[in-house]
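Asks: Reminder that position 191 of the sequence shown reads as 1285 in my numbering, one-by-one numbering, no gaps.
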Amino acid sequence: MSESKKEVSLVLGSGGARGLAHIGIIRWLEENGYEIKSISGCSMGAVVGGIYAAGKLDEFEQWVRAIKRLDIIALLDISWRKNGLVKGDKIIDTLIDLVGEQQIEELPIPYTAVAADVTGEKEVWLQKGSLFDAIRASISLPMFFTPFAINGVDLIDGGVLNPVPIAPTFGDHTDMTIAVNLGGPARFEKPKKAEPEEKKTSIFTAKISHYISKFQSSLITDSIIDLSAYDIANQAFDAMQGTIARLKLAAYPPDYTVEIARNACGTFDFDRASEIIKLGYTTAEETLGPLLGINQNEMDN
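#1: Which same chain residues end up closer than 8 Å to G1149 when comparing Cβ atoms and leaving out the 5 residues on each side of it in sequence?
#2: Smallest Cα separation from V1105: which of S1368, D1363, P1348 and I1233?
#3: Compare the beta carbon distance of G1336 and R1356 with 8 Å and say whether it is the shorter of the two.
#4: Any contact between the stretch 1119 to 1128 and the stretch 1228 to 1242? By contact I mean 3 or more CB pairs, one from each, below 8 Å.
#5: So that I know if they touch, is there some Cβ in chain C lying closer than 8 Å to that of G1336?
#6: May I ask you to report which of helix, strand or coil DSSP gives K1100?
#7: Taking I1133 and A1147 to be in contact with their CB atoms under 8 Å, please state how far apart those CB atoms are, rounded to whole angstroms.
#8: What does the alpha-carbon distance come out to for the pair S1103 and G1246?
#9: In the DSSP output, which residue or residues are listed as bridge partners for M1270?
#10: DSSP three-state call for Y1346: helix, strand or coil?
#11: Would you kindly work out how many angstroms separate the C-alpha atoms of E1129 and G1144, rounded to a whole number?
#12: Tell me which same chain residues have a C-beta within less than 7 Å of the C-beta of Y1346, skipping the five on either side of it?
#13: Quick check: what's the CA-CA separation for Y1086 versus Q1221?
#14: Here's the rule I'm using: 16 or more other beta-carbon atoms within 10 Å means buried, otherwise exposed. How should G1194 be labelled?
#15: Nearest to L1385 by CA position, among A1115, G1110, S1108 and L1123, is which residue?
#16: Give a yes or no on whether the C-beta atoms belonging to M1138 and G1110 are separated by under 8 Å.
#17: If the criterion is Cβ atoms closer than 8 Å, does the pair I1250 and A1207 meet it?
#18: Using the Cβ count rule (16 or more neighbours within 10 Å means buried), how would you classify I1318?
#19: Of the choices T1263, R1159 and F1154, whose alpha-carbon is the least far from that of A1367?
#20: Express the C-alpha separation of I1370 and L1151 in angstroms, rounding to a whole number.
#21: Have a look at N1256 and F1362 and give me their C-alpha separation to the nearest angstrom.
#22: Can you pull the DSSP bridge partners for W1219?
#23: Secondary structure at A1243, three-state DSSP: helix, strand or coil?
#24: Cα-Cα, which of A1228, K1131, R1112 and R1163 is closest to T1268?
#25: Is it buried or exposed for R1112, if we count other Cβ within 10 angstroms and need 16 for buried?
#26: Compute the beta-carbon to beta-carbon distance between Y1350 and I1272, rounded to the nearest angstrom, for a pair I have assumed lies under 8 Å.
#27: To which residues of the same chain is M1270 closer than 7 Å at the C-beta, ignoring the five residues directly before and after it?
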């Protein structure tokens, strides 16, 4: 491989907790001579992409690797409104605590978060202003999160209209565009849930507890909110996104596509972070490795 790095426009798709695979894919790219020069992301792709663009992916990865199921429940603030179950303020406030306030136009690499204006029936590209406002709009999963208003327009999850948002990268002058589709073909066998890892960093585990503890007084237990109750709705949403993604990728093909199986994990399985990050890394290796002339024996070693 040449000493010079290959410049990449990276497109990160939507898909709930499967989006943690984006972390593993980014790690593989970094280790193998790729330089990410721009990011377009939708929903969880907007989260990982925005945090990477802000230079805080290490902190975020440590955080998600340490998070537990009960921590996830604690971060869900019930809205009691008809247009969504969860407000999302706790999640965003926790990410701001972790990453710090950021303005998109001040990020070191170009970044676009894609949301959907359902009333106007169009995509909305968020390329300036508060990073976490853009992320909050892009993750507004219908029926689960309440919509988020920017400039007076109620926005929801961009995956409703474009789960793999390639178009924002069309003007990039990079060597290649790599898109990550989290709605890839389902595995025939249901993935087994990995055994929980031992916490290797007690200091960081304590830090996570600090972020979550502020919400413990209003903790929502599994008896009050059952995430599994949303499984059918989420499967339907995943099926819809998968169909749209195939059409978008056919109409506007990137140079290379990395696909994560749509049933690799559930929408809210963020407590399986280590397993899903590893899946992203190995899938990138299998898909993109041949570009660098890496054969399977070298991969295995």
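A virtual CB, placed ideally from N, CA and C, is assigned to each residue, including glycine.
Replies: Straight from the coordinates:
#1: P1202
#2: P1348
#3: yes
#4: no
#5: In the structure shown, chain C does not exist; there is a single protein chain.
#6: strand
#7: 6 Å
#8: Those two C-alpha atoms are separated by around 30 Å.
#9: V1102
#10: coil
#11: 16 Å
#12: Closer than 7 Å at Cβ, skipping near neighbours: I1260 and A1261.
#13: An answer regarding residue 1086 cannot be provided, because it is not within the stretch 1095 to 1395 covered by the chain.
#14: exposed
#15: L1123
#16: yes
#17: no
#18: Confidence is the limiting factor: at I1318 the pLDDT is only 49, short of 50, which leaves the residue's position unreliable, though a coordinate-based value still follows. By the neighbour-count rule (16 or more Cβ atoms within 10 Å), I1318 is not buried but exposed.
#19: R1159
#20: 15 Å
#21: Each residue's alpha carbon lies about 20 Å from the other.
#22: DSSP output for W1219 lists V1208 as bridge partner(s).
#23: strand
#24: K1131
#25: buried
#26: Their Cβ separation, rounded to whole angstroms, is 5 Å, which keeps Y1350 and I1272 in contact under 8 Å.
#27: K1100, V1102, D1349 and Y1350
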